[in-house]
Amino acid sequence: MTLSYRDEDGIKVLSKPCLFAAAGALPELQSALQNGPCEVILDFETTGATPWLQKAVAGKIGGKWTTAQYCKEHDCTADSRLRARILSVGVPASQFCAAFDLDLMDEEEQRRLVHLLSGHYWVGHGLQFDYAWALSICPDVRPAKILDTMLMVICFRPDLPYEMQAANEPSRAHRDTLQAYVRAKARAKNQDEGGGIVSLQALSLLFFDVDMDKRYQKPINWTPAYLTAEHHDYCLGDINAPGHLARLLMGLPWDAPMADLLDCMQQAAGYTAYHTMTEALHALVRMQRKGFRWDKAKAEALDAELQQQAMDALPTLLAVAPTLEPFVNMLMDTADGMTDALKAALGDALYKETGRRMPKTKTGADSTSADALKQAFPKSVVVAAYQQVVDATSERKKLREYGAAVAEDGRIHPSTSILTTTGRTSSRNPNLQNIPRDPRFRSLFAAPTGYRLIATDFSSVELRIAAALGVRALRLLHQIIAARRGHAGLQATLQTPLANMNWIFREVPELQAWLADPLQIIPASIRNTEMELGREVGFRDRALVAAKQLCVPVQAIWLASGGDPDRLAMRLTFANGLDPHIMTALAMESAAGRFDLQGKLPVDYLQSLNPDDRKALKTTLKAPRQAAKGVNFGLLYGMSAEGLHRSGKTGYGLDWTLEEAVLARKVFFNLYPELALWHWLLKHAMKQKRPVLNPYDASEMRTAATGGKVYWGSTLSGRPTVAAKTTAASNHQDQGSGAEIALDAINRLPDNVKALLVDFIHDEIILEVPVDRISDVQAILERTMIQAADAFLMPFGVPTEVESAIGDCWQH
DNA sequence: GAACCATGCGCC
DNA sequence: AAAGGGCGCATGGTTC
Numbered sequence: 072m073t074l075s076y077r078d079e080d081g082i083k084v085l086s087k088p089c090l091f092a093a094a095g096a097l098p099e100l101q102s103a104l105q106n107g108p109c110e111v112i113l114d115f116e117t118t119g120a121t122p123w124l125q126k127a128v129a130g131k132i133g134g135k136w137t138t139a140q141y142c143k144e145h146d147c148t149a150d151s152r153l154r155a156r157i158l159s160v161g162v163p164a165s166q167f168c169a170a171f172d173l174d175l176m177d178e179e180e181q182r183r184l185v186h187l188l189s190g191h192y193w194v195g196h197g198l199q200f201d202y203a204w205a206l207s208i209c210p211d212v213r214p215a216k217i218l219d220t221m222l223m224v225i226c227f228r229p230d231l232p233y234e235m236q237a238a239n240e241p242s243r244a245h246r247d248t249l250q251a252y253v254r255a256k257a258r259a260k261n262q263d264e265g266g267g268i269v270s271l272q273a274l275s276l277l278f279f280d281v282d283m284d285k286r287y288q289k290p291i292n293w294t295p296a297y298l299t300a301e302h303h304d305y306c307l308g309d310i311n312a313p314g315h316l317a318r319l320l321m322g323l324p325w326d327a328p329m330a331d332l333l334d335c336m337q338q339a340a341g342y343t344a345y346h347t348m349t350e351a352l353h354a355l356v357r358m359q360r361k362g363f364r365w366d367k368a369k370a371e372a373l374d375a376e377l378q379q380q381a382m383d384a385l386p387t388l389l390a391v392a393p394t395l396e397p398f399v400n401m402l403m404d405t406a407d408g409m410t411d412a413l414k415a416a417l418g419d420a421l422y423k424e425t426g427r428r429m430p431k432t433k434t435g436a437d438s439t440s441a442d443a444l445k446q447a448f449p450k451s452v453v454v455a456a457y458q459q460v461v462d463a464t465s466e467r468k469k470l471r472e473y474g475a476a477v478a479e480d481g482r483i484h485p486s487t488s489i490l491t492t493t494g495r496t497s498s499r500n501p502n503l504q505n506i507p508r509d510p511r512f513r514s515l516f517a518a519p520t521g522y523r524l525i526a527t528d529f530s531s532v533e534l535r536i537a538a539a540l541g542v543r544a545l546r547l548l549h550q551i552i553a554a555r556r557g558h559a560g561l562q563a564t565l566q567t568p569l570a571n572m573n574w575i576f577r578e579v580p581e582l583q584a585w586l587a588d589p590l591q592i593i594p595a596s597i598r599n600t601e602m603e604l605g606r607e608v609g610f611r612d613r614a615l616v617a618a619k620q621l622c623v624p625v626q627a628i629w630l631a632s633g634g635d636p637d638r639l640a641m642r643l644t645f646a647n648g649l650d651p652h653i654m655t656a657l658a659m660e661s662a663a664g665r666f667d668l669q670g671k672l673p674v675d676y677l678q679s680l681n682p683d684d685r686k687a688l689k690t691t692l693k694a695p696r697q698a699a700k701g702v703n704f705g706l707l708y709g710m711s712a713e714g715l716h717r718s719g720k721t722g723y724g725l726d727w728t729l730e731e732a733v734l735a736r737k738v739f740f741n742l743y744p745e746l747a748l749w750h751w752l753l754k755h756a757m758k759q760k761r762p763v764l765n766p767y768d769a770s771e772m773r774t775a776a777t778g779g780k781v782y783w784g785s786t787l788s789g790r791p792t793v794a795a796k797t798t799a800a801s802n803h804q805d806q807g808s809g810a811e812i813a814l815d816a817i818n819r820l821p822d823n824v825k826a827l828l829v830d831f832i833h834d835e836i837i838l839e840v841p842v843d844r845i846s847d848v849q850a851i852l853e854r855t856m857i858q859a860a861d862a863f864l865m866p867f868g869v870p871t872e873v874e875s876a877i878g879d880c881w882q883h
């Protein structure tokens, strides 16, 4: 075959041999796919991040040529226009594989190619990307099943990152590469290049000990008219890898039949979630295709307004911090960030004002983060004035980011994909899940004429899930107690937790008898145990500490509810339609002696009020309620008293002492002892010793012998979770359940409502709805969201509420 | 110039 | 001893 390509001048023909396939190969592909639904591995190479957004096309072709060098060498031109360039297809059953050069095919031929893949089982890693590009070529394409190794890791093999940490056998040819990946991953908390929970390259290193070639990964590689044999090899060299990996991930032989693979997945605990996620992909890629409308004119007006806002704040800043005079332009410019010189000038101003030095980052540099400054200089006029200017400019930076991402249709088309540890979606190119809450900003997302936006969110869904997890924890405790008293069936099903906790019962035999009736006084040996830091403690001491951490919340549970899972405080809060934030606020205020609960528990007190008084209380206790939000979310995931103290000061403007934070923490877990029990069980019952990087210091490897351990758990659907910290472990169960609930809600929507999706932000669903369908769609959406949540939460007796906001523009 | 890291900050 | 979690994106600075 000779190479031909199209450019603005029409078709040119090159006389070089071309390895890539074009329309001529379609009949062969068609016959490879004719025997019913079959496994198809697909992989796009593109010149941009999404079909709507191209970032700077930079880098070197094949990691070595500049574009000019390459074009000269290969006597060709380059075209950086945004497009899908290559579609690699593998059909293992027919031993078919080909890399189609889409530049050699016209639109109709491309559409026919993609259409051929419809109705088959798609296999790949992070297929959301490929699905979106396929859809941009053929709007009605739809795979029958999605076998995505990324989603499989999330749902079936959450332990894989830890397996990678342990995989350092000297026999591995690419051991160092794998370990470098593992360390980079552990270190890079907020960095790009994450590739989600695990990259295809990393999977290949782990399972095949093969270091995949990444030289042709970047968009620049797919711009030249002529593509080399190396390009071709890059496309097809590893084409079968995702299929083999899918089997290996499930513990099957690499060449196991598809039927076995599907069967194995369906048997696994994570399958419900896997099904939810793959189903949701269909809706998410179509949401991306639709896009979220952006009001350009309004955005420009807001930009001017914010610029004025920054300008107005400037004189105040310069009056108190004249050293910042030379940096005025830098502070106002949306393309500039913080420089060392500006940092130093700010430090000078603050030193003059307060006589104290700047706070430090963990690497010892001066920190200028809003939190650190507020913490270090709570009453500083300089800090307040500086934030005024910087906040306005930073909002303008977001305007710039979104403005640059608006497509020709006036809409923004981010990719919303599922690639995170928790199973939550994330949004990128651009990220439409972190839009500033400033109502002026949100109103830039507007419905076209004749349409309205409906934004509906789950109210306090993370706390509702926590309530369910609390119920689940208490049920588990009952089972553990029964098993320890001889229930053979439970002994079998609870082997791991029992084995994990055995050392505590062995060292503290008095615990077992006490658990038979937790209303008894806690044995003095346990009650009087105090954790002493810096002292070598023995097994018995440690077991006593663990026992105490169990007994205290368990007794609180029995005191409040007699051990009945249906009467746990957080569940009751929601069952009674009460606001958990006001509950916590009441408890805190009463503990501080500022509020008289008339001897009642907060829940009973609230219930004794009539609805009007309850509402009034929300106003009276506005500030405490705001503070309580921070307490609820922080403590839910195991925040320490110190952390709570700090976040209360910086995040909620609380002027409180560490002692007060300690008290608030105590009050919280006394109010919701089931959460303490939940934390205790995940720490003590579901741990597993294994090599793990110290989560607090990525450079430090801990072996199973030196204390490395992970904490297993599961979402409410049964999807397994793993974390190396108990804080993260609790989070993964809760957030992961929340993600599944929201995705399930999307899946349950009828197709003609699904088609209205324009954005999805974890617990909020946004639809763009024709005016005449508003009330209809609102009812369907709200009902469906509640049904989805009920399926997860009602087995634990936790009801759900949702809240809608409707308008010409987004207002939530 | 590219790649990497550190820092900071928006959201749920 | 340490210790809320989960994301993506921007800029500046350093290194190769």
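One rule links them: number in our numbering = place in the first sequence (from 1) + 71. Don't be surprised by glycine CBs; every beta carbon is placed ideally from N, CA and C. Computed from a predicted structure; not experimentally measured.
Rounded C-alpha distance that separates residue i from residue j
i	j	result
F398	A810	44 Å
N261	W123	Because the pLDDT of N261 is 45, which lies under 50, any placement of that residue in the model is unreliable, and the question is left without a value.
R611	A618	10 Å
R884	A553	Because the chain spans 72 through 883 in this model, residue 884 falls outside it and cannot be assessed.
G664	N571	41 Å
E853	T527	7 Å
D683	E872	20 Å
S718	P290	42 Å
T774	P762	4 Å
K754	Q272	32 Å
A826	P210	13 Å
K135	A129	12 Å
N58	G868	Any answer about residue 58 is impossible in this case: the structure gives the chain only from 72 up to 883.
I593	L276	52 Å
K469	K423	33 Å
A94	V160	13 Å
A149	H196	28 Å
H883	D834	12 Å
Cβ separation of residue i and residue j, assumed to be a contact under 8 Å, to the nearest whole Å
i	j	result
E745	L590	Rounded, the Cβ-Cβ distance is 17 Å, inconsistent with contact.
L534	P651	5 Å
R790	G807	6 Å
G32	K760	Beyond the ends of the chain as shown, which are 72 and 883, falls residue 32; an answer cannot be given.
D177	I157	Actually they do not touch by this definition, with Cβ atoms about 16 Å apart.
R508	I845	No, R508 and I845 are not in contact; Cβ-Cβ is about 24 Å, not under 8 Å.
Own chain, CB closer than 6 Å to residue i, minus 5 neighbours either side, in chain order
i	result
H145	Y297
L100	L187
T492	I268
Cβ-based neighbour list, residue i, same chain, cut-off 7 Å, excluding 5 preceding and 5 following
i	result
R685	L677
R482	G362, F363, R364, W365
I208	A155, Q181, R182, V185
Stretch-stretch touch, CB-based, cutoff 8 Å, three pairs: the region 206-216 with the region 225-241: As far as the Cβ criterion goes, the region 206-216 does not touch the region 225-241, which means the pair count is below three.
In chain order, each alpha helix (DSSP H) run of at least 4 residues that lies wholly inside the region 570-653: 581-587, 595-598, 610-632, 640-646
Touch test, the region 693-708 against the region 801-809, Cβ-Cβ under 8 Å, three pairs minimum: Contact check between the region 693-708 and the region 801-809: three or more CB pairs, one atom from each, fall below 8 Å, which counts as touching.
Any 3 or more C-beta pairs closer than 8 Å across the region 87-106 and the region 314-325: no
Runs of alpha helix (DSSP H) lying entirely within the region 524-561, each at least 4 residues, in chain order: 532-555
Ordered list of beta strand (DSSP E) runs contained in the region 783-852, each at least 3 residues: 791-794, 828-831, 835-841
Inter-stretch contact at 8 Å, needing at least 3 Cβ pairs: the region 480-489 / the region 499-518: Yes, the region 480-489 is in contact with the region 499-518.
Touching by the beta-carbon criterion (3+ pairs, under 8 Å), the region 843-860 and the region 817-831: yes
Cβ contact (3+ pairs, closer than 8 Å) linking the region 342-359 and the region 470-479: no
Cβ contact check for the region 150-158 and the region 107-123: 3 or more pairs under 8 Å: yes
The region 338-354 in contact with the region 459-469 per 3-pair CB rule at 8 Å: Segments in contact, no.
Every unbroken beta strand (DSSP E) inside the region 170-250 [3 residues or more]: For the region 170-250, whole beta strand (DSSP E) runs of length 3 or above, ordered along the chain, are 192-195, 216-219.
Inter-stretch contact at 8 Å, needing at least 3 Cβ pairs: the region 378-396 / the region 427-447: no
Uninterrupted alpha helix (DSSP H) stretches inside the region 289-313 (no shorter than 4 residues): 300-307
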